[in-house]
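Residue numbers (my numbering): 158 to 584.
Glycine included, every Cβ here is placed at the ideal spot set by N, Cα and C.
This report concerns only the one structure given below.
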Amino acid sequence: MKVLVIGSGGREHALAWKLSQSPKLTEVITAPGNPGTALVGKNVDISVGDLKGLAEFAEKEGVALTVVGPEAPLVDGIVDLFHKRSLPIFGPVQAAAQLEGSKDFAKEFMREFGIPTAKYRTLDNHHDAIAYVEKEGVPIVIKADGLAAGKGVTVAHDVETALHALAECFETKVFGEAGARVVIEECMVGEEASVLAICDGETFVSLPSSQDHKPAYDNDQGPNTGGMGAYSPAPVMTPDIARCVDEEILAPAIRGMKERGTPYVGVLYAGLMITSEGPRVVEFNCRMGDPETQAVLPVLESDLFELLTLATEGKLREHPGLVVSSRPGVCVVLASGGYPGPYNKGEVISGLEKFAADSDLMAFHAGTQFNDRSETVTAGGRVLGITGRGSNIEEAINKAYQGVSKLSFTGAHFRKDIGKKALERPN
Ligand code: AMP
Ligand code: GLY
C-alpha cells in the first residue's frame, strides 16, 4: 500500500519517516517534499495549493491514505474534495478546520461547549476595539481572526503595544482580510504545552504531550518564530492535568463538533496554558504542530499508518492502545541567520552524512533543497530539526546538541536551552 504525505517541512519529514516504518506500506510519497522526505520515500512535484492535482495523483496511484501536513489545504477544503472523489484522506473537512481557520469560530465554539479558555471579545471595527482595550487594561492579547501564518498574535503588556496591534489590523491592514476582525483576550499566565489528539469523529487518542519554544533566542527572548525546538513528553503535563485535558477539553470538543454536524476527523492540536486553575486552551489547530511533531513521533512506538487509517475509517475504538517509548525526544531547530526576519538561501549544509548510523539521532529536513551540484542547501527560515532520544530528558538534550554540533552552514543559529524548562521541574 502507498501513503501520500502533503507538505514540505520538518513536520512532513517526521510524518514520512514514521509512516515508512509501517510494515503495511510499500511506499511513502511526499508532495512536494524536501531532500529529507526523499530519503524515506519518493517526492512528487505537486504543490500544497494544487488541491485538484493532489487528488488526481492520489487517484491515479491508488494511494491508500493521504495525510495532510499543513493547515492551508485543510482550511481550503482538500478533505471535502477528496471525499467527493471517494479518496481516503486523514484530516478535518473545511467546516471543522474552522477551529484553526477562524479564532472567533474557535472561541465561540469553546464558549458553547464549556471548554476552558481565556475570556474574550470579537470586534470588527477599530473604534470599539480601542474602547474595549481601554476598559479591560493590560496585559491583554490581540489576535487577527483569520490565518496569519503564526504572526497575528500580540501579547501586549502596555496600552501603546495593544493600540499598535489594533492599528496594524484595522489601519495598515498588515494581515489583510485575516485582520478585518480581531479577537481580544484576557492574558493567561502559566506554562504552555501542546497535545495532539488523533480523532475519528466520535472519539480520540492523545499522543504524548510536548512543549514548543516559540521565541527566537534563549530564555524566551526575541521575536516569535514558528518554533525553535520542542520536547516530548512535557513534564508540566502531569497525569492529573493530562486527564483533565482529555475530559474537559478534548472530549467536549469532539462531542461539540459532532453535535454541530461536522464530526472532527484528523489531528486536533490543543495549544494549552497550564494555569494555577488548570489547563486552558490558547488555540486549537487542525493539524500537527511543527516542530512538536519532530519530538512527538520519535517517542511513539505504535504504527502510525494503522492509527491514522483507523481514525479515517471512524474505527479508533478498535485501536489496541498506544505504545509509547519511555525515552523522551528533544528537537533543536537550526535556523537561517536572520530568521524570523529576512535571511539568505542557498547556503551549503555540511555534516548531514554523519547521521546515518545512530537510531537515537534524527535530522529532519525543513527548509532544505538540492542545488544544481546536488549539494543540500538552505531554502527556508527553519532549516533542520535535530531530534535526540535518551533514557531521560537530560540525555535526550545532550544527544540532540551532539547532533547539532555535527552540522554547519553559514549563518546558522539555534537556541541553546531547548528542554531546560523540563530539566528544571522538580520530579
Ligand atoms: P497563537 O498564535 O494563538 O498560538 O499565539 C501565539 C502565542 O501567544 C502563544 O503560544 C502564547 O504564548 C501567546 N498567547 C496567545 N494567547 C494568549 C493568551 N490569551 N494569554 C497569554 N498568552 C497568549
Ligand atoms: N509550533 C506551533 C505550531 O505548529 O502551531
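Looking at the structure shown, is residue i part of a helix, part of a strand, or coil, going by DSSP?
| i | result |
| --- | --- |
| A520 | strand |
| M430 | strand |
| H170 | helix |
| V456 | helix |
| E405 | helix |
| A373 | strand |
| D357 | strand |
| L352 | For the record, residue 352 in the displayed sequence is Val; it is not Leu. Of the three classes helix, strand and coil, the one that applies to V352 here is strand, per DSSP. |
| Q378 | strand |
| S590 | Because the chain here runs from 158 to 584, residue 590 falls outside it and cannot be looked at. |
| S363 | strand |
| G423 | strand |
| V331 | coil |
| F571 | coil |
| F239 | helix |
| S482 | coil |
| S177 | coil |
| F566 | coil |
| E470 | coil |
| V346 | coil |
| G418 | coil |
| P230 | helix |
| H476 | coil |
| R139 | Since the first residue of the chain shown is 158 and the last is 584, residue 139 is not available in this structure. |
| G383 | coil |
The ligand AMP and residue i: does any heavy atom of the ligand fall closer than 7 Å to the residue's C-beta?
| i | result |
| --- | --- |
| K371 | yes |
| V480 | no |
| C488 | no |
| K578 | no |
| V439 | yes |
| A275 | yes |
| V310 | yes |
| K300 | yes |
| E349 | yes |
| C443 | no |
| G428 | yes |
| E458 | no |
| E343 | yes |
In the DSSP assignment, what are the bridge partners of residue i?
| i | result |
| --- | --- |
| T311 | I299 |
| C443 | In the DSSP output, where bridge partners are listed per residue, C443 has none listed. |
| Y388 | Q368 and V487 |
| P436 | I431 |
| I550 | I550 pairs with nothing; no bridge assigned. |
| V393 | Per DSSP, none; premise fails for V393. |
| V160 | V185 and L222 |
| F247 | V224 |
| I341 | R278 and I299 |
Closer than 7 Å: is that where the CB of residue i sits relative to any heavy atom of the ligand FAD?
| i | result |
| --- | --- |
| E218 | No copy of the ligand FAD occurs in the structure displayed; its ligands are the ligand AMP and the ligand GLY alone. |
Does any residue of chain D bring its CB to less than 8 Å from the CB of residue i?
| i | result |
| --- | --- |
| H321 | This model lacks chain D altogether, as it is built from one protein chain only. |
Below 5 Å from a heavy atom of the ligand GLY - residues by beta-carbon: Screening all residues for a C-beta within a distance smaller than 5 Å of any heavy atom in the ligand GLY leaves D369, G384, G446 and D447, in chain order.
Ordered list of beta strand (DSSP E) runs contained in the segment 488 to 548, each at least 3 residues: As far as the segment 488 to 548 is concerned, its whole beta strand (DSSP E) runs of at least 3 residues are 518 to 522, 525 to 527, 533 to 535 and 539 to 546.
Runs of beta strand (DSSP E) wholly within the segment 251 to 300 (minimum 3 residues, chain order): Look at the segment 251 to 300 and you find these whole runs of beta strand (DSSP E), each 3 residues long or longer: 277 to 280.
Runs of alpha helix (DSSP H) lying entirely within the segment 186 to 226, each at least 4 residues, in chain order: DSSP runs (the alpha helix (DSSP H)) wholly in the segment 186 to 226: 194 to 197 and 208 to 218.
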